[in-house]
Amino acid sequence: MTGMNLTLKIWRQAGPRAKGEVVTYPVTDISPDMSFLEMLDVLNEQLTARGEEPIAFDSDCREGICGMCGLMISGKAHGPEVTTTCQLHMRSFHDGDEITVEPWRADAFPVIKDLVVDREAFDRIIQAGGFISANTGAAPEAHSVPVPKPKADRSFMAAACIGCGACVAACPNASGMLFLGAKITHLGELPQGQPERDARVVAMVNQHDHEGFGGCTNIGECSLACPKEIPQDVINQLNQDLRRALSHGL
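Residue numbering for the sequence shown follows full-length UniProt numbering, starting at 1 and increasing by one per position.
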């Protein structure tokens, strides 16, 4: 199959305080079987060979698991498919396409360089309350605390969130509520998550707001962009837990 010729318009920014701009790069003979990141690798090899600064972008596992590879691709978080950027293949595009590549758009995710953003705000939300108490010592019997299957399934579904930030990038308000709702639901459905349940939701919501994420207005773009298809109803669970915690005086 003949390779594709594409025009890439890529955000370049030398550092957090530098002025950024969109730079145009033509790429030729791109295999449809390449991943989007492999295509960027090819471009970077060409830039390096010419003595130019390669484009900085995040990646790690390249298997759709770690959530590191988030990019805005032609205005869509992770691009035209519901998947991670590393699992997006060039066959999703057409010969002659013009593709705009930008970092995540959110004040809470400041640009570090080019397409790399600082997502430590998510880490600080987890640190605020995304944990459970656990006694040290001998491991408990695996079946000593029964968990109804519907609750286990829902917890597992929410735990699939990889913290990539696509929900924030897709939301017009740059809200992190889908991410936060997933973390609240993951622990809130399990017996082990009950001791800190009220304090957890209050602390994590406060940290979310402190980081500068926007509020949720139920537009739904977050769940549509989520590569792990986390449903929007985890935000309902978040709101229910928060109301209950506030009614308890927390």
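Beta carbons: idealized from backbone N, C-alpha and C, even for Gly.
- Annotation for GLN237: GLY181, ILE184, THR185 and GLY188 place their beta carbon closer than 7 Å to its own, counting only its chain and skipping 5 residues before and after.
- Inclusion of ILE30 and GLY3 in the CB contact set at 7 Å is warranted, their separation being smaller than that value.
- The C-beta separation of MET68 from ARG105 comes to about 17 Å, leaving the pair out of contact by the 8 Å criterion.
- The Cβ atoms of THR7 and PRO32 lie no closer than 7 Å to each other.
- Cβ-Cβ distances below 7 Å link GLY215 to ASN173 and SER175 in the same chain, with the five nearest sequence neighbours on each side left out; the list follows chain order.
- Taking the CA atoms as reference points, ALA49 sits about 10 Å from LEU43.
- Bridge pairing for SER175: GLY214 [DSSP].
- Nearest C-alpha to LYS19 among GLY165, PRO110 and ALA139: PRO110.
- Spatial neighbours of ASN206 in its own chain (CB-CB distance under 8 Å, excluding positions within 5 residues in sequence) are listed in chain order as ALA128.
- Here ALA121 has ALA108, PHE109, GLY176, GLU211, GLY212 and PHE213 as same chain residues with Cβ atoms under 8 Å from its own Cβ, once five neighbours each way along the sequence are excluded.
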